[in-house]
Structures are given as C-alpha cells and as structure tokens.
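> Under the working numbering, the first residue of the sequence shown is numbered 15, with each subsequent residue one higher. One structure coming up, written as structure tokens, with questions to follow.
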Amino acid sequence: MVPDSPAHARKPPPPPVTTFSCPLRKIAFASQGGIWCLCRSMSAYTFALLVDGLAVGTYFALILIVGLWPSRKQNTMDEFAMGGRNMPWWAVMASILAAEISAATFIGAPQEGFLHHNFTYVQLAIGTVLARVVVAYLFIKPFYDYNVFSIYEFLEIRFGIYTKNAASALFLVTRVLASGSRLYVAAVIVVVLWEYFAANQSLTLGGRLWLYTAGIIFIAAITTVYTAIGGIKAVVWTDVIQATMMYGGLFAATWFLLHHIGGWGSVTAAFTRPGNLAFFDYGISTDRSAWQNFTYILQTPYTLWAGIIGGTFMTMATHGTDQDMVQRMLTAKDHKRSQLAVVGSGLMDIPVVVGFLVIGILLAVYYQQNPRDYIMADGKPKGNVFAYFIVNELGPGLRGLLLAGIFATAMGSLSTALNALATSYSRDWYRPYFNPKASETEMVRCTAWGTVVFAGLLSAVGVLTAWIALSHPDIGVLPIIFGMTSYTYGSLLGVFLLGLICKTRGSDLGNLVGMAAGIVSVSILYGNVHNQLTALALRGTDTPFDPGKPILAFPWAVMAGTLVTLGVSALFPAPPIPPEKLRDSHAPTEPGATGGEEPARPPA
C-alpha cells in the first residue's frame with residue numbers, strides 16, 4: 015500500500031472559532047497557525063466601513079486643501095474679510111445657499127415631509143424670493159457705496175455710534191447662541207452612528223453627552239482651521255464644494271428611495287387624504303368666522319399668507335441685516351454682480367426645499383412598506399428619521415456620501431458664522447475701543463484669532479444645548495433653537511429700513527428705544543413670555559395656569575418686531591448728518607482700490 019501523498023492527505027479538522035466582543039460589532043475571528051483571519055461577514059463589514067470612511071475622508075481632505083489654499087495672500091482686511099471684492103457671482107450664490115442651509119435643515123426639513131405628508135413648508139420659500147429682490151435692490155448698493163466691512167458701520171454713518179453698537183451687539187450675542195445651538199443638531203449624526211455600530215451597548219446620560227461633545231468639537235475644529243487661516247475666500251470656495259455635496263446627497267437619497275418604493279405612483283397611492291401632497295394652505299375655512307380665520311392664520315406657521323408676508327420679512331432680516339449672510343454678498347466685484355447672486359440664490363432655494371420635503375414623504379412610504387421598530391405605532395419616529403435612514407438603510411459609499419453631505423451643511427453654515435462674528439468684532443469693537451491705531455496686519459491677526467475664540471464659544475453653547483436636551487427632554491430644545499433669532503431680527507430690520515428709506519426720522523438714542531420695544535413686543539406676541547412667567551410662578555400651587563398658545567407663529571414674529579421698531583424709532587427726528595460723515599453715494603469708491611490701506615471710515 016502506497017502511503018498517502020501530501021496531495022491525498024486527509025485534511026485536518028478546521029480550527030476552533032474564537033469570538034471576541036468588539037465595541038462596534040460582535041466580530042468572529044478564526045485562529046490558524048497563529049494567523050488571525052477575518053470571516054466573510056467581517057470582511058463585508060470592514061469593506062463598508064472603508065468605503066464610507068473613504069467618502070467622508072475624501073470630503074474632509076478636499077475641504078482642507080481648498081480652504082487653506084487662499085491663505086497665501088491674506089495680508090489686508092480687504093483680502094481676509096472681503097476676498098478682495100473679486101469673487102465670481104456664481105460662487106457667491108453657492109456660498110449663500112450653503113450658509114442658509116444648515117445641518118438642522120438637512121435632517122430637519124425631511125422630518126417635516128415625513129410627519130405632514132405635504133409641501134406646505136415650501137410656502138415660506140415664496141417670501142424668500144420676494145425678500146431677496148428687496149435686499150438686492152435696496153440694501154446691497156448702499157453697502158457698496160459706503161465700502162463697509164461690517165454692515166453695522168452703515169448704521170453708524172446714518173445714525174450714530176449707539177445704534178451701531180446696539181445692532182452689532184445684538185448680532186454677536188444672537189449669532190453665538192443660534193449657531194452654537196445648531197452645532198448640537200449637527201452632532202446628532204454622531205450619536206446615530208454610534209447607536210448603529212454599537213447596537214448592543216447602551217449609553218448613560220453622561221456617555222451620550224460625551225458623544226455629542228466629541229461630534230461638536232470635531233466639526234468645529236476642522237471648520238476653524240480653514241476659516242481662521244483662509245478667511246472669506248476659504249469660506250466661499252469651500253461653500254461651493256459643500257453646496258455641491260448637498261445637491262449630490264439630495265439626488266442620491268431621492269433616487270434610492272424612488273427605486274425601492276416603486277416610483278412616485280406609490281406615493282400618490284399611499285397619501286389620498288385631503289391636504290396630502292398639497293403645496294398651499296390658505297388658512298381659510300367656511301366653518302370658522304372671519305376672526306377665527308384671522309387668528310388661525312396668525313398662529314399657523316405654514317400658510318400661504320405666512321409664506322408671502324411673514325417669509326418676506328424673515329428673509330429681509332436674515333439676508334439684509336445679518337453680517338453672517340451679507341458679508342459674502344459684498345465679496346462680489348460690484349453691486350450688480352452681488353444682486354445677481356442674491357436673487358439667483360432665491361430661485362435655487364425653492365428646488366432645494368422641495369427636494370428635502372420629497373425625501374421626507376418618500377421616507378414615509380418606505381417605512382410603510384418596510385416597518386422598523388424605530389417608527390412607532392402612530393407613524394412618528396423615535397428621533398430624526400432621515401439620520402436613521404442614512405445610517406441604517408443605505409449601502410456603503412452612498413451612506414458615506416450622505417454623511418459627507420450632513421457634515422458639509424454643518425460646516426458651511428458654521429464657517430460663515432465664524433468669519434462674520436470675527437469680522438464684526440474686529441471692525442465694530444476691537445478697532446474703535448481697544449486698538450484705534452491698529453495696522454492692517456493687526457486687524458487681520460485679530461480677526462483670525464477672533465475666529466478661534468468664537469469657535470470655542472459656539473462649541474460651548476452647542477455642548478450646553480446638548481446637555482439641556484438630554485437632561486430635560488420635555489423642554490423642547492429645537493423650537494427654541496429655530497426661533498431664537500426671531501426675537502432680535504425685527505429690531506435689526508426696523509432700524510436698517512428706517513436708515514435706508516427715510517432720511518428725516520430716527521435718532522441715535524431714539525433707535526435704542528425702538529429696538530427695545532421691538533424685542534419686548536416679540537417676546538409677548540411670539541414668545542408668550544408673560545403667560546409663561548405666570549405659569550412658572552404658579553407651578554406647584556393649587557392654581558394651575560395654562561399659558562396657552564402664542565398670539566403669533568414664528569413666521570410673523572420678525573414682521574411684528576420690525577413694524578414696532580420702525581414705528582417707535584420714526585417718532586424721533588433725525589439730526590443733520592455732519593459733512594465729514596457724508597460719502598457721495600452716486601460716486602462710490604472702487605472696492606478694493608485702496609491698495610491694502612484702510613477704506614475711509616467715519617469718525618466715532
């Protein structure tokens with residue numbers, strides 16, 4: 015008998031499989047000859063992680079390269095804060111889009127479509143288009159004529175130092191709180207990722223807070239690097255990439271959902287009730303009296319009237335009186351190109367909003383066809399449905415693209431806020447009060463370090479918001495976040511409108527009275543502060559008190575504050591403007607023509 019040759023030798027039994035507990039998943043390893051081999055399931059899992067990581071990593075690498083490239087020529091404030099006033103109009107338009115669509119909108123707007131199954135949210139976009147026309151042809155040219163860096167310098171020229179300081183302070187405080195709290199929303203995706211990868215590991219309150227903190231610091235740190243070094247050019251060019259990522263993510267998610275639910279016909283078959291898939295809500299019913307219809311319209315956020323009237327006032331404030339948004343408009347070569355960018359961004363905004371709502375409606379059909387424990391019996395999700403969908407339903411690569419899209423929207427709005435905050439501080443406060451003889455180099459250095467400081471402040475606000483949301487879930491943090499600017503925007507818009515349309519009314523001190531009156535009126539009509547304080551005072555007593563609904567929904571709040579501020583401030587006559595403060599508005603200086611020297615500035 016011939017002994018078995020090596021080729022015919024009986025194979026030894028397979029080695030035992032040893033299972034290890036991984037923080038992300040339970041992964042099986044096989045031990046053979048001292049070599050650790052991943053099983054097939056782990057290989058697929060690792061492949062998914064690598065592909066998604068490559069997509070997100072490529073995005074971050076591209077952002078840093080593009081963001082740091084402009085740092086070579088940032089020696090003057092005109093270059094650092096205004097981009098030499100030579101940016102292409104289409105890049106400015108993309109930057110406006112990226113700035114106004116935050117991560118809160120990216121994952122929040124689909125939630126509206128998922129819950130309501132209609133497009134009534136789009137009604138607000140009607141007002142945004144109308145408002146941008148007003149901003150383009152009423153606000154932009156005077157800002158160019160006076161060659162301002164901080165738009166609040168215009169108020170100093172028109173009224174005086176007190177109005178400028180009050181407006182700048184309102185912007186700084188409100189923007190820190192609003193943009194900082196939005197970082198909490200952006201960090202939601204980090205928590206959702208953890209819940210996916212560590213499905214069997216529960217987290218304490220402290221653990222979840224640490225996750226939010228890590229996500230907030232990560233997003234803020236990367237954004238701060240290119241914003242502090244590259245200035246407004248870095249902000250605008252990275253915004254172009256981020257807007258592209260946003261559109262790519264919208265298209266990819268829509269294509270995936272339509273493919274898996276069987277097309278748009280599945281949507282029309284699923285939602286047949288009155289109001290489903292509707293674009294307009296007129297807020298008028300024959301079952302209500304005229305007064306009831308009127309109060310219903312004022313208290314309902316998504317009606318045609320709120321969109322046209324309230325939305326117009328809201329966008330006039332956000333795009334005409336907020337340094338955050340206006341600064342990038344002033345980077346175009348002249349006011350005509352800036353006007354083109356502003357109006358164009360409004361037209362581009364409508365399909366973006368519709369796209370987000372379409373995704374939410376498609377998600378509602380998708381989870382009707384594919385039930386998940388995440389969707390409760392009443393059809394409401396346990397958290398954010400779009401974030402859950404991205405992490406749990408999409409395949410490798412596509413998931414990475416959508417994750418990069420979320421980070422893109424978060425970083426786009428954050429970089430805008432940081433640059434605007436630092437510019438406003440350096441122009442409105444540092445130079446007038448701390449270093450009146452500051453050179454161009456010192457101003458650039460102050461703005462760059464100001465970016466870092468404000469990034470720390472925004473991160474602290476984001477972490478505080480996360481702690482409040484986690485420890486007091488009954489408070490409802492998101493409505494507070496989205497409504498925060500409503501209290502101050504009306505006052506800002508009121509004084510700007512007064513300065514732009516009337517030369518005989520409004521005084522430096524009188525404007526302070528008008529702005530205070532505007533904030534108080536919004537606090538009562540929209541914030542319902544008086545009833546909320548009464549309910550708080552009676553808590554725990556035998557006299558329960560229901561604060562009730564606010565008189566105004568959020569789209570009307572800015573209009574109320576604007577009209578009150580405008581009316582009160584107009585009661586005060588305007589003093590004559592000293593000749594040394596006048597600039598020939600019909601012959602503006604050529605932007606950037608100062609050769610790096612400080613543009614003309616009215617005396618404090």
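Using N, Cα and C, we set each Cβ at its ideal position, and we do this for glycine too. Source: prediction; values computed, not measured.
#1: Would you mind sorting C460 into buried or exposed? The rule is 16 or more other CB atoms within 10 Å of its CB.
#2: Sort out for me which residues DSSP pairs P395 with in a bridge.
#3: Please specify which runs of the alpha helix (DSSP H), each continuous and at least 4 residues long, are wholly inside the region 506-550, giving them in chain order.
#4: By Cβ distance, which residues of its chain are closer than 7 Å to S280, with the 5 residues on each side in sequence left out?
#5: Out of curiosity, what's the CA-to-CA distance linking M362 and G476?
#6: Would you list the one or two residues that DSSP bridges to M362?
#7: Relative to the C-alpha of D522, which candidate in L585, I175, V149, C516 has its C-alpha closest?
#8: Is it buried or exposed for L472, if we count other Cβ within 10 angstroms and need 16 for buried?
#9: With distance defined between alpha-carbon atoms, name the residue in L68, G414, W251 nearest to M107.
#10: On a Cα-Cα basis, can you pick out the residue from L416, G374, D392, T437 that is closest to Q341?
#11: If the criterion is Cβ atoms closer than 9 Å, does the pair G12 and W83 meet it?
#12: Taking contact to mean at least 3 C-beta pairs separated by less than 8 Å, is the region 345-355 in contact with the region 253-267?
#13: Going by DSSP, which residues form a beta bridge with A346?
#14: My assumption, with CB atoms under 8 Å, is that V527 sits in contact with V582. Please give the rounded CB distance.
#15: Between the alpha carbons of Y316 and T332, how many angstroms are there, rounded?
#16: When the distance is taken between beta carbons, is T238 closer than 9 Å to V466?
#17: M529: which of P446, A95, L184, C516 sits nearest, CA to CA?
#18: Is DSSP giving P587 helix, strand or coil here?
#19: Secondary structure at S303, three-state DSSP: helix, strand or coil?
#20: If you measure between the beta carbons of V366 and L186, is that distance less than 9 Å?
#21: Could you tell me whether the region 316-331 touches the region 139-150, where touching means 3 or more Cβ pairs closer than 8 Å?
#22: So, N433 versus T177, is the Cβ gap smaller than 9 Å?
#23: Quick check on R196: buried or exposed, where buried means 16 or more other Cβ atoms within 10 Å of its Cβ?
#24: Among L223, L566, G220, A292, which one has its Cα closest to the Cα of T309?
#25: Between S193, D66, Y160, which has its C-alpha nearest G497's C-alpha?
#26: Look at L511 and G575 and say whether their C-beta atoms are less than 9 Å apart.
#27: One question on the structure: do E114 and S500 come within less than 9 Å of each other, judged by their Cβ atoms?
#28: Only counting the same chain, and skipping five residues up and downstream in sequence, which positions put a Cβ closer than 6 Å to that of Y73?
#29: Taking buried to mean at least 16 other C-beta atoms within 10 Å of its own C-beta, is M91 buried or exposed?
#30: With H, G and I counted as helix, E and B as strand and the rest as coil, what does DSSP make of Y296?
#31: Go ahead and pull the three-state DSSP assignment for M107.
#32: Please classify N161 as buried or exposed, where buried requires at least 16 neighbouring CB atoms within 10 angstroms.
#33: Just the Cα atoms here: how many angstroms apart are Y198 and A480?
#34: Less than 8 Å between the CB atoms is what I'm expecting for T268 and G369, so what's the real figure, rounded?
#35: Since L377 and F568 are thought to touch, with beta carbons under 8 Å apart, how far apart are those beta carbons, to the nearest angstrom?
#36: Output the distance between the C-alpha atoms of D2 and F232, rounded to the nearest integer angstrom.
In short, the structure shows the following:
#1: buried
#2: I389
#3: 522-539
#4: V379
#5: 30 Å
#6: Answer is none; M362 lacks a bridge partner.
#7: I175
#8: buried
#9: W251
#10: T437
#11: Nothing about residue 12 can be reported from this structure: the residues present for the chain run from 15 to 618 only.
#12: no
#13: M101
#14: 6 Å
#15: 19 Å
#16: yes
#17: L184
#18: strand
#19: coil
#20: no
#21: yes
#22: no
#23: buried
#24: L566
#25: S193
#26: no
#27: no
#28: A418
#29: buried
#30: coil
#31: helix
#32: buried
#33: 6 Å
#34: 7 Å
#35: Not really, about 24 Å apart at Cβ, beyond 8 Å.
#36: Residue numbering for the chain in the displayed model covers 15 to 618; residue 2 lies beyond these limits and cannot be assessed.
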